Amino acid sequence: MSSGPAAPAQPSEAPDPAGSATTATEVLGPHEIARALTRIAHEILERNKGAADLVLLGIPTRGLPLAHRLAARLAEVEPTVDPAALVGSLDITMYRDDLRHHPTRTIGATVLPPGGIDGRVVVLVDDVLFSGRTIRAALDALNDLGRPRAVQLAALVDRGHRELPIRPDFVGKNLPTSTTERVRVLLTETDGTDAVLIDGGAR
Amino acid sequence: MKHLLSTADLSRDEAVLILDTAAQMAATQERAIKKLPTLRGRTVVNLFYEDSTRTRISFETAAKRLSADVINFSAKGSSVSKGESLKDTALTLQAMGADAVVIRHPASGAPHTLATSGWTQGAVLNAGDGTHQHPTQALLDAYTMRRHLVGEGGTADVTGRDLTGLRVAIVGDVLHSRVARSNVDLLHTLGAEVTLVAPPTLLPVGIGPWPCRVSYDLDAVITDERPDAIMMLRVQRERMSSAGGGFFPSAVEYTRRYGLDGRRMARLPEHAIVMHPGPMNRGLEISATAADSPRAVIVEQVANGVAVRMAALYLLLAQETPGTTLQEDAR
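Just so you know, the protein sequences line up as chains A and B, in that order. So the first sequence is numbered by the numbering used here: it starts at 918 and just counts up by one. So the second sequence is numbered by the numbering used here: it starts at -1 and just counts up by one.
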């Protein structure tokens, strides 16, 4: 899910690469994002000694295209891997702890790869890691879906300010932010362009 | 959306949102663990002033699958039989902290009164009021039609789609049927063409402005309109006096002219589905051949009812409630 103060968190906030009123600084461009994903893909393979038993679960909206990109990179390195059989989507809307504090959220799809997740290594993929509450919800959702052998976490951006004892295993970029700032990840699949932007906040 | 009282209140986008949400809810019901924590700590009261099996059980199942606490209240054997008014019952439920009230009542408009009177703060869901509306039934019917008839017979992704171009025949006791009224409004909103088929005695006065066609001849409708879905309504004998109650000469004659049997089934288009809101009077409005045929989706309608009611409860309850907004909203 996207992050930032008072975001309705649905695609409406998306295609605005210029960052209209406030000043938006581009932190990562398309090349940096591509390099970060390639590195994460290699780190995943290194940590798990190959791609056997791996499942990448993307958290909608923007975790899902990231999971697909990671799977494509894994398949480049390990030709035996079928990227389609590797990726799933894990919607966490119904497990959130803040449903009462927002307008109704649209529920996304949860799709597991054909082999399921029992006994496999699940890598959760999200765009921005912030408070950790999304991941808490994802862990609850996983619990209802099966029993993975291990769960790991990959995030394109870690902006700090954790509110729960959760840490990522694979990070694209550590981004020190203040809580008033807003981090936006734009992806070609959802927003037409690749960028990580930071805007707002007192500076 | 604060309440769900009538399908006439729903815009096309709201109706499609409910159907899309129901599709995701249905997906969760195929898992080994069907319970979701979404409405933990919320209380849903089923307030039933009329007999019901499937609607009450369906709402109860839906609420429980979303982890809400469910309190069942039926008028029989409660203070209502001692003469308690709807207002006092509602105030009692409010005092117990009901977040949503699911109400079925023999008086048309009772849910509307409950929702607008200030007797209860919670969301009100109409589970059937008199001969007025039964919105969740119409939503589950629309959901069932969309699953079977939109997107190459259910193979393509139907998210966001409505029922544009579908032809639906609703046959039988329209006069007493809140299901028919809800369906006419909702199916029209979703772009389907509805034809009501009934003997003149079982059509209400003032049907003229309804957004649908009306016919007295079932065979002609099957031949001329080639409906994609045919919905048989229950002949509501409890709302009539003995036999046909003057609404039709005899049960046999009703069956011959308006019942769905194997012969009429065979003349329906190949892909057409047979629906019935239940409970069925087998042998009266629908024959066993039709009810048990593979084209009948009557049992599936019941299963879809749970998903649709989960969606309605989710959309009405899992949102901002007064006094709970976070100070500094981190996520």
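Glycine is no exception: its CB is placed at the ideal position from the N, C-alpha and C atoms. Model, not experiment: these values are computed from the prediction.
{"Item": "Got a sec, what are the start and stop residues for the alpha helix (DSSP H) B:S180 sits in?", "Value": "176 to 187"}
{"Item": "Is B:T41 helix, strand or coil by DSSP?", "Value": "strand"}
{"Item": "Measuring CB to CB, does B:S285 end up less than 8 Å from B:G257?", "Value": "yes"}
{"Item": "Tell me the rounded alpha-carbon separation between B:M23 and B:H103.", "Value": "27 Å"}
{"Item": "Under DSSP, the beta strand (DSSP E) around B:N70 begins and ends at which residues?", "Value": "67 to 72"}
{"Item": "Within a Cβ cutoff of 6 Å, which residues of the same chain sit near B:F46, ignoring the five residues on either side of it in sequence?", "Value": "R54, S72, R102"}
{"Item": "Identify the continuous beta strand (DSSP E) that holds B:R102 and give its terminal residues.", "Value": "98 to 103"}
{"Item": "Please report the straight-line C-alpha distance between B:G189 and B:E12, rounded to a whole angstrom.", "Value": "14 Å"}
{"Item": "What is the DSSP secondary structure of B:T19, reduced to helix, strand or coil?", "Value": "helix"}
{"Item": "The segment 1059 to 1079 of chain A: which residues have C-beta closer than 9 Å to a C-beta of chain B, in chain order?", "Value": "N1060, D1061, L1062, G1063, H1078"}
{"Item": "Between A:R1017 and B:V233, what straight-line distance do the alpha-carbon atoms span, to the nearest angstrom?", "Value": "43 Å"}
{"Item": "Exposed or buried, A:N1060, counting other C-beta atoms within 10 Å across all chains shown (16 or more means buried)?", "Value": "exposed"}
{"Item": "Counting only Cβ pairs nearer than 8 Å, list the residues of chain A close to B:P35.", "Value": "M1011, Y1012, D1057"}
{"Item": "Can you tell me which of the three DSSP states A:S1095 falls into?", "Value": "coil"}
{"Item": "In whole angstroms, what separates the C-alpha of A:I1034 from that of A:D1008?", "Value": "15 Å"}
{"Item": "Report yes if the C-beta distance between A:A953 and A:K1090 is below 8 Å; otherwise report no.", "Value": "yes"}
{"Item": "Against chain A, does B:T41 count as a neighbour if the rule is that its beta carbon must be under 8 Å from one of theirs?", "Value": "no"}
{"Item": "To the nearest whole angstrom, what separates the beta carbons of A:P884 and A:V1042, a pair I think is in contact under 8 Å?", "Value": "With chain A running from 918 to 1120 in the structure shown, residue 884 of chain A is simply not present."}
{"Item": "How about B:T157 and B:D18: do their beta carbons lie closer than 8 Å?", "Value": "yes"}
{"Item": "Is it buried or exposed for B:T193, if we count other Cβ within 10 angstroms and need 16 for buried?", "Value": "buried"}
{"Item": "Could you pull the DSSP bridge partners for B:Q234 from this structure?", "Value": "Answer is none; B:Q234 lacks a bridge partner."}
{"Item": "State the beta-bridge partners of A:I1004 as determined by DSSP.", "Value": "Reading off the sequence, residue 1004 of chain A comes out as Val, not Ile. In the DSSP output, where bridge partners are listed per residue, A:V1004 has A:L973."}
{"Item": "Take the Cβ of B:S9 as the centre, count every other Cβ of all protein chains shown within 10 Å, and call the residue buried at 16 or more, exposed below.", "Value": "exposed"}
{"Item": "Indicate whether the contact test is met: 3 or more Cβ pairs, each with one atom in the segment 121 to 138 of chain B and one in the segment 305 to 313 of chain B, closer than 8 Å.", "Value": "yes"}
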